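> Protein chains in written order, with the working numbering: chain A, 18 to 129; chain B, 5 to 120.
Note that CB positions come from ideal geometry on N, CA and C, so glycine has one too.
It should be emphasised that the depicted structure is a prediction, and the values quoted were computed from it without experimental measurement.
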Amino acid sequence: KQEVTQIPAALSVPEGENLVLNCSFTDSAIYNLQWFRQDPGKGLTSLLLIQSSQREQTSGRLNASLDKSSGRSTLYIAASQPGDSATYLCAVRQRGAQKLVFGQGTRLTINP
Amino acid sequence: AAGVIQSPRHLIKEKRETATLKCYPIPRHDTVYWYQQGPGQDPQFLISFYEKMQSDKGSIPDRFSAQQFSDYHSELNMSSLELGDSALYFCASSLGSSGGNYNEQFFGPGTRLTVL
């Protein structure tokens, strides 16, 4: 059974810092991995998707990497801003399945 | 750009009542997924449909059923509601079911169901 873990559970940093969020998964037989952002009580916004054959994806100040063999992904946020404050969730899609299995998320607070 | 539409956005029901949640996928998306997110929890997969056929099934209670219609919209029917069914219910959609494409799932804003 696939299990996804995100560390840390919460992170608070001053504005302008570069930061890294971590995601690990137990079964490396994945189809893809997605990073999402969720504001309190709101929906999930897809940030980046990495196919199992890819090593990284970039979108603006965000860069996500994938090391399938070690079961790890990282989300790098450059020059953080208060508007980046949200919960960040990673989710993996297993080969042969449709569903996404989510981690518990990292609650990020960027202090002005 | 068009997004996933869910209705209603909020729903309040009494125990043992029924509820129907609707989902309209992004145009041309043929796959829909339903997830349940309890307070402080991560989203849990319920069920998915591709081209109107059930494509995957998760921890969906027997009291719940869902279907996808010819226009690709989907409905989640929930009966004999329990207090523990109170949650945020998300629908997501993607293009394609397998191989050769990215299957990125795009989520709707959710329906907040409160069972009293």
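Quick one: what's got a C-beta closer than 7 Å to Thr-43 (chain A)'s C-beta in the same chain, skipping five residues either side?
Numbered from 1 along the first sequence, position 26 holds the residue referred to as residue 43 (chain A). Excluding its 5 nearest sequence neighbours in each direction, Thr-43 (chain A) has C-beta neighbours in its own chain below 7 Å: Gln-19, Glu-20, Gly-88, listed in chain order.
> So is Asn-81 (chain B) buried or exposed if we call it buried at 16+ other beta carbons inside 10 Å?
By one-based count along the second sequence, residue 81 (chain B) stands at place 77. Flag for Asn-81 (chain B) reads exposed.
> Less than 8 Å between CB atoms is the rule here; does Phe-119 (chain A) satisfy it with respect to chain B?
Residue 119 (chain A) sits at position 102 when you count from the first residue of the first sequence. Chain B, which has a Cβ nearer than 8 Å to the Cβ of Phe-119 (chain A), makes this yes.
> With 8 Å as the threshold, decide whether the Cβ of Gln-109 (chain B) is near any Cβ in chain A.
For the purposes of this step, residue 109 (chain B) is taken as the residue at position 105 of the second sequence. Taking 8 Å as the CB threshold, Gln-109 (chain B) lines the interface with chain A.
> Is Leu-85 (chain B) closer than 8 Å to Thr-186 (chain B) when the C-beta atoms are compared?
What is shown of chain B runs 5 to 120, which leaves residue 186 (chain B) out entirely.
> Would you kindly work out how many angstroms separate the C-alpha atoms of Cys-95 (chain B) and Gly-88 (chain B), rounded to a whole number?
The sequence position of residue 95 (chain B) within the second sequence is 91, counting from 1. The sequence position of residue 88 (chain B) within the second sequence is 84, counting from 1. Rounded to whole angstroms, Cys-95 (chain B) to Gly-88 (chain B) spans 19 Å at the Cα level.
> Compare the C-beta of Ala-70 (chain B) against all C-beta atoms of chain A and say whether one is closer than 8 Å.
For the purposes of this step, residue 70 (chain B) is taken as the residue at position 66 of the second sequence. Not closer than 8 Å to any Cβ of chain A, the Cβ of Ala-70 (chain B) fails to qualify, so no.
> Please go through the same chain and pick out, in chain order, the residues whose beta-carbon is closer than 6 Å to the beta-carbon of Phe-49 (chain B), but skip the five residues on each side of it.
Here residue 49 (chain B) refers to the residue found at position 45 when the second sequence is read from its first residue. Counting only Cβ-Cβ distances below 6 Å, and skipping sequence neighbours, we find Tyr-39, Gly-62.
> Check the C-beta distance from Val-8 (chain B) over to Gly-100 (chain B) and give it rounded, since I have them as a contact under 8 Å.
The residue you call residue 8 (chain B) lines up with position 4 of the second sequence. The residue you call residue 100 (chain B) lines up with position 96 of the second sequence. Val-8 (chain B) to Gly-100 (chain B), Cβ: 16 Å. No contact.
> With DSSP as the reference, identify every bridge partner of Leu-92 (chain B), one or two as the case may be.
Indexing the second sequence from 1 puts residue 92 (chain B) at position 88. Listed as beta-bridge partners of Leu-92 (chain B) by DSSP are B:Gln-41, B:Arg-116.
> For Ser-121 (chain B), go through chain A and note every residue whose CB falls closer than 7 Å to its CB, in chain order.
With chain B covering 5 to 120 only, the question about residue 121 (chain B) has no answer from this structure.
> Quick check on Leu-106 (chain A) - is its C-beta less than 8 Å from some C-beta in chain B?
As a first step, residue 106 (chain A) must be located in the first sequence, where it is residue number 89. Closer than 8 Å to some Cβ of chain B, the Cβ of Leu-106 (chain A) qualifies, so yes.
> With 16 as the cutoff for other CB atoms within 10 Å, does Thr-35 (chain B) come out buried or exposed?
Against the second sequence, residue 35 (chain B) aligns to sequence position 31. Buried.
> Please confirm whether Gln-51 (chain A) has its beta-carbon closer than 8 Å to some beta-carbon of chain B.
In the first sequence, the residue the question calls residue 51 (chain A) occupies position 34. Output row for Gln-51 (chain A): interface = yes.
> Between Tyr-48 (chain A) and Ser-98 (chain B), what straight-line distance do the alpha-carbon atoms span, to the nearest angstrom?
Counted from its first residue, the first sequence places residue 48 (chain A) at position 31. Counted from its first residue, the second sequence places residue 98 (chain B) at position 94. Rounded to whole angstroms, Tyr-48 (chain A) to Ser-98 (chain B) spans 14 Å at the Cα level.
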